[in-house]
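What follows is a short report on a single structure.
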Amino acid sequence: MDALSQLMALGRVQVAMDVQCRLSGAYLIPHATAAQGEAPFHFVMSGHCQLRTQQGVFELKPGDFFLLPHGDAHDVLSHATAGALRGAPKVRAVGRASALPLKANVASTRTAELDLLCGRFLSDPSVGALFLGALPQMLQVNLLGTTTMATLQPMMELLRHEASHALPGATEIVSALGQAILTLALREFGVAESGQSHWLTLLSDARLGPSIQAVLEHPGGNWTVDTLGKRVAMSRATYARQFQRKAGMSVGEFLLCIRMMKACDLIKHSRRGLSDIGQSVGYQSEAAFGKAFQKVLGETPGRWRRSQQAS
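Residue 237 is where the sequence shown starts when you use the numbering used here, and the numbers rise one by one after that.
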């Protein structure tokens, strides 16, 4: 399994497709801060709109996928609404005679200027939060401008059709297509020359890839900058420099995060002892494991396990 797929599996990532919006004219749809482990996203099937966060206003066009990994509050609004929020027609729910709830501000959705799918990237609140926390504040990529365009266009047509009809199995098909589009967006953002340093850039790097794969497959390995560099025929200094440039963090910080993601998953979803779990993620003593765990999660492994069992 490739590195991105492994990370998504470790974070138990799923996609919830929430609503289809078909809008025209002036509109404003506010979105509150998301719950822990949730990252809202929007995918423009057709038309144009704006998305406003505390960081600014972003233009969205057909094929744009916009993800807010840290769950920031935001607004979806029209160009007609910008600068004149009063008087924007109320966006109303118009029932669910389809696979997704539908919101619209027009009498006939066939005349809508914008066809927008809204959903959430759901992950384990603990394990997934470590992954999401390492991503940029926001992620925008146009999938129609990528090498996947030929594949994406028929996928978009199928998604639009299934979302709009109450056919047997439509909900499952919409969710599966949403998962595929999310994964495509994460992959394409990683290979884009955005100048940003984050995990997606690291996972997409062909030179560093084999070493990242090795860490994900065996987080308890005796990994050092030297051993990882040798995996990809790099000197220690070159590997550390390239890693920092791509990931935006040191090798040690990355190893700690991956090991704690795996440890959280085992603590929460298995009955293995804490000492055994610590050894499986690279710590020879329970005390060393506890110290590392508390550094990342803010509490001891035992206390964290009890809190997860009580929730």
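All residues carry an ideal CB built from backbone N, CA and C; glycine is no exception.
Computed from a prediction, not measured in an experiment: that's the story for all the values here.
Quick one: give me the first and last residue of the beta strand (DSSP E) that residue i is part of.
i	result
Thr289	285-289
Glu355	Correcting the residue identity first, residue 355 is Gly in this sequence and not Glu. Per DSSP, Gly355 belongs to the beta strand (DSSP E) from 350-358.
Leu313	310-313
Asp254	250-259
Gln432	That residue, Gln432, is in no beta strand (DSSP E); it is neither H nor E in DSSP.
Lys482	Where Lys482 is concerned, there is no enclosing beta strand (DSSP E), although the alpha helix (DSSP H) it sits in stretches over 472-483.
Ser282	274-282
Gly292	292-296
Asp300	300-303
Leu264	264-267
Please check the pair residue i and residue j, which I expect to be a contact at CB under 8 Å, by giving their CB distance rounded to whole angstroms.
i	j	result
His617	Arg288	The question about residue 617 has no answer here: the residues shown for the chain are numbered 237 through 547.
Ser486	Gln478	Contact flag wrong, Cβ pair sits at about 12 Å.
Ile494	Val451	6 Å
His284	Lys297	5 Å
Leu436	Leu371	7 Å
Ala421	Phe301	4 Å
Tyr475	Gly465	3 Å
Phe367	Leu418	At roughly 13 Å, the Cβ-Cβ gap does not stay under 8 Å, so Phe367 and Leu418 are not in contact.
Ser180	Lys498	Outside the displayed range of the chain (237 to 547) lies residue 180, so it cannot be described from this structure.
The alpha helix (DSSP H) spanning residue i covers which residue range?
i	result
His505	487-505
Arg346	First-last for Arg346: undefined, no H or E at that position.
Ala406	406-427
Lys339	That residue, Lys339, is in no alpha helix (DSSP H); its beta strand (DSSP E) goes 338-340.
Gly247	Note, Gly247: premise wrong, no alpha helix (DSSP H); not H, not E.
Gln545	537-546
Ala365	363-369
Pro446	445-453
Quick check on this structure: which residue in the options has the alpha carbon closest to the alpha carbon of residue i?
i	options	result
Arg258	Leu313, Gly247, Met244	Leu313
Gln256	Asp462, Lys466, Val280	Val280
Ser471	Ala316, Arg443, Gly509, Phe529	Arg443
Ala335	Gly414, Phe367, Gly445, Ile265	Gly414
Ala541	Ala386, Lys339, Asp512, Cys500	In the sequence as presented, Ala is not what sits at residue 541; that position holds Arg. Among Ala386, Lys339, Asp512, Cys500, the Cα nearest to that of Arg541 is on Cys500.
Leu246	Ala402, Thr474, Lys504	Lys504
Phe277	Leu352, Arg396, Ala316	Leu352
Leu338	Arg467, Glu393, Lys482, Met253	Met253
Val461	Ala386, Phe490, Arg508, Thr407	Phe490
Glu349	Arg356, Ala412, Ser282	Ser282
Leu510	Thr536, Ala340, Gln290	Thr536
Asn341	Ala469, Gly445, Arg539, Leu264	Leu264
Gly261	Gln286, Leu304, Thr317	Thr317
Three-pair Cβ contact test at 8 Å for the stretch 357-368 versus the stretch 267-276: Yes, since at least three Cβ pairs between the stretch 357-368 and the stretch 267-276 fall closer than 8 Å, the two stretches touch.
contact_flag[the stretch 517-536, the stretch 449-464] where n(CB pairs < 8 Å) is 3 or more: yes
Alpha helix (DSSP H) runs wholly inside the stretch 377-403, at least 4 long, in chain order: Runs found: 385-400.
Sufficient close CB pairs (3 or more, under 8 Å) joining the stretch 365-382 to the stretch 421-429: yes
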